[in-house]
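One structure is given here, and the rest of the page talks about it.
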């Protein structure tokens, strides 16, 4: 389905939900093995009460099935995400344990080496004190004063010997402890491989379940409004045909598109305030999408905006109000903008910072990547990027993230910030987050 067509269906739901009886969103694949009634089936069923009741029952069952499948898919996705979080936490804890044991083993070995060195130095001192002489002969032939001096030296040698023995014992104990700790570190490190495999597998399962959940939402959205219209035609004895339905949809789309365009135009009027309501912001952006002022990429994140505009809450596909506002500011400031990433958890993207990205953590949707402003590509250090940074720096929360730090430093264009805290990122876009 084309971008314009899909968005039209979304806007229709915003303005004429009462006409079609349910929210209409971007289209998706039909549910597997579902046999959806045609409008000819609906008209034929009106020939008898029994046939009509049978058709009503079928449509009612299909509506319930679509709702249940979407809910079940989302529940499964949530369960998979929970398992993945546990697996990722186990991997992180395992890595910390392995690192800690390795550090302790290294510290113990360093202490053992130091003790051995100290013992060697003491042993050398012992040898110097003894001078390799025959102590018994010296005691028998020496004068009284010399004997006293020699006995004093022997006392020192005895104490030194005890000290050497003690240091050697300490060194041996520390060396044994270091070896034992090193063995524990190796066991912990070996366990990381299994933990990593489990984490990777659980992440793949979660991503697949999330994509299935989004597909189920799209499938429900693609069929629910028409099924509701067919049900109304049967239960209210309205002589609605497929042509009537499509004509109503087309008229509603035209009215909704005009309303969205008007909302976007009002929002972009000089001095117009930036709303703090997510749906109001999303409605303005839908108008921008319709007019081609806001474009997406692949995977397509614009549907996340459309869902919000339609009042539809799709788990793991939300967008922070502050991020919606940043996109609105970008479109208003430059007349057009392109976004390549918003909520990666929704689309199942694992790239860059992966599961630790602001696009992903906490349900996702805490960041936006702009890949174009006023039709021009971005590097994060170009004139348009710098201009948008200056505008957003005044409205984003303190500590908000900004990418492409090294791109600006290399270009000699790193500005001072009021609210942003920047970091290195690829020089192919401009990253903004509110974390």
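In mature numbering (1 follows the signal peptide of the UniProt record, and there is no 0), the protein residues as written are -33 to -1, 1 to 402.
Backbone N, C-alpha and C fix where the C-beta goes; we use that ideal spot for every residue, glycine too.
Bear in mind the structure is a predicted one, so any value in this text is a computation, not a measurement.
For residue 205, count the other beta carbons within 10 Å of its own beta carbon; 16 or more makes it buried, fewer makes it exposed. Which is it? Residue 205 counts as exposed, since fewer than 16 other C-beta atoms from the protein chains shown sit within 10 angstroms of its C-beta.
Within a Cβ cutoff of 7 Å, which residues of the same chain sit near residue 364, ignoring the five residues on either side of it in sequence? Excluding residues within five positions, the ones whose Cβ falls inside 7 Å are 289, 386, 401.
State the DSSP-derived secondary structure class of residue 333, mapped to helix, strand or coil. Here residue 333 sits in coil by DSSP.
Quick one: what does DSSP say residue 386 is sitting in, helix, strand or coil? Three-state DSSP puts residue 386 in coil, outside helix and strand.
What residue does the beta strand (DSSP E) around residue 399 start on, and which one ends it? Annotation: the continuous beta strand (DSSP E) that includes residue 399 extends over 397 to 400.
Figure out for me which residue from 338, 226, 178 has the closest Cα to the Cα of residue 255. Of 338, 226, 178, the residue nearest in Cα terms is 226.
Just mark residue 342 as buried or exposed, buried being the case when its beta carbon has 16 or more other beta carbons within 10 Å. Exposed, since its Cβ has fewer than 16 Cβ neighbours within 10 Å.
Residue from 246, 294, 192, 360 whose Cα sits closest to the Cα of residue 262: Answer by Cα proximity: 294.
Any 3 or more C-beta pairs closer than 8 Å across the segment 165 to 179 and the segment 49 to 59: The answer is yes - the segment 49 to 59 touches the segment 165 to 179, with three or more Cβ pairs under 8 Å.
Note down the Cα distance separating residue 195 from residue 34, rounded to an integer number of angstroms. The alpha-carbon atoms of residue 195 and residue 34 are separated by roughly 13 Å.
CA nearest to the CA of residue 140, picked from 197, 78, 190: The shortest C-alpha to C-alpha distance from residue 140 to any of 197, 78, 190 is the one to 78.
With the cut-off set at 8 Å, would you say residue 369 and residue 356 are in Cβ contact? Cβ atoms of residue 369 and residue 356: closer than 8 Å.
Rounded to the nearest angstrom, how far is the Cβ of residue 478 from that of residue 44, given a contact under 8 Å? Because the chain here runs from -33 to 402, residue 478 falls outside it and cannot be looked at.
Should the segment 261 to 277 be regarded as contacting the segment 25 to 34, the criterion being three or more beta carbon pairs within less than 8 Å? Contact between the segment 261 to 277 and the segment 25 to 34 is absent: fewer than three C-beta pairs spanning the two stretches fall below 8 Å.
Residues near residue 138 in its chain [Cβ-Cβ closer than 7 Å; skip 5 each side]: Taken in chain order, the residues that qualify are 79, 82, 83, 86.
Taking the Cβ atom as the reference point for each residue, do residue 299 and residue 278 lie within a distance shorter than 8 Å? The answer is no: Cβ separation not under 8 Å.
So residue 307 is in the beta strand (DSSP E); what residue range does that whole segment cover? Here the beta strand (DSSP E) through residue 307 covers 304 to 308.
Helix, strand or coil, according to DSSP, for residue 352 in the structure here? Residue state for residue 352 is assigned as helix, using DSSP reduced to three classes.
What is the DSSP secondary structure of residue 104, counted as helix, strand or coil? With a pLDDT of 47 at residue 104, under the threshold of 50, the predicted position of this residue should be treated as unreliable, though the coordinate-derived value follows. Residue state, collapsed to three classes: helix.
Residues bridged to residue 339 by DSSP? 305, 344, per the DSSP bridge assignment.
C-alpha gap between residue 322 and residue 328, whole angstroms: Distance between the alpha carbons of residue 322 and residue 328 is about 6 Å.
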